Amino acid sequence: MTINVVVADDHEVVRTGLTSLLDGSDIKVVAEAQNGAEAVDKALKHKPDVVLLDIRMPGSDGLEALEQIHHKLPQTRVVVLSTYDNPTYVARAVALGASDYVLKGTNRKELIAAIRAAAAGEAPSKLGEQRRVAATMEKRKETDADIPLTNRETQVLRHIALGLSNKEIAKSLEISIETVKEHVQNILRKIGVTDRTQAAVWAVRRDMV
């Protein structure tokens with residue numbers, strides 16, 4: 005069974021290289037896009053099984069495209085393919101519905117495995133960065149009995165430390181933005197800081213992320 009893929013990257017050499025890399029496998033590139041807006045358009049037109057999506061692109065970036073694709077085509081899986089081994093990017097991709105986050109330095113075998121797993125609705129590949137960050141975001145147990153936070157507040161704080169916005173936290177935890185705002189205010193008050201940056205530093209120093 006052929007897996008249809010849209011490749012979105014602002015560099016033509018990368019798009020061409022990916023198409024050549026996947027040639028001869030059960031994965032077929034049905035369209036290419038050079039920015040986020042075009043990625044959404046091509047995805048809506050072709051309704052692929054998987055979109056391979058870069059993050060840093062001009063205009064509408066990959067994360068904006070990811071959010072739109074996930075909303076408009078929930079059956080289409082998105083694998084983020086990025087140069088950046090950045091936990092904030094990974095966390096935001098997780099929150100917005102990415103199936104996996106793969107680095108561009110990965111080899112052909114691993115990339116094909118990641119695309120196949122995404123198309124089949126399986127867990128992120130053992131390449132690991134998305135699994136690790138997702139696990140951190142989902143933890144409910146407090147890491148320190150002295151931390152004066154509820155389990156949900158602890159979850160929200162981990163998301164803050166990974167750089168997510170209130171909107172992204174709400175999507176990840178499936179709660180309203182108003183509820184997130186309330187949790188953030190409670191967190192700041194309880195741990196005695198005045199802004200999100202200080203809260204993130206507080207969390208990192210306690211190995212919560």
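The sequence shown begins at 5 in the working numbering and counts up by one.
Cβ atoms here follow ideal geometry from the backbone N, Cα and C, with glycine treated the same way.
Just so you know, these numbers come straight off a predicted model, no measurement behind them.
The Cβ atoms of I73 and V82 lie closer than 8 Å to each other. Between S103 and A122, the alpha-carbon positions lie close to 6 Å from each other.
In this chain, the alpha helix (DSSP H) harbouring L192 covers 181-195. Exclusion of the five residues before and after P62 leaves D14, N39 as the residues of its chain whose Cβ lies within less than 7 Å of its Cβ.
Around the beta-carbon of N155, fewer than 16 other beta-carbon atoms lie within 10 Å, marking it exposed. Distances from the CA of V18 to each of R210, M5, V33, E126 were compared; the closest alpha carbon is that of V33. Here DSSP, grouped into helix, strand and coil, assigns S29 to coil. One alpha carbon belongs to K185, the other to V44, and they sit about 30 Å apart. Rounded to whole angstroms, the separation of the alpha carbons of L57 and V10 is 8 Å. Around the beta carbon of N170, a 10 Å sphere encloses 16 or more other beta carbons of the protein chains shown; the residue is thus reported as buried.
Within the model, the alpha-carbon separation for I7 versus D30 is close to 6 Å. Out of V213, K76, E68, the CA that lies nearest to the CA of H50 is found in K76.
Annotation: the segment 81-118 contains the following complete segments of the alpha helix (DSSP H) (minimum length 4 residues), in chain order: 91-99.
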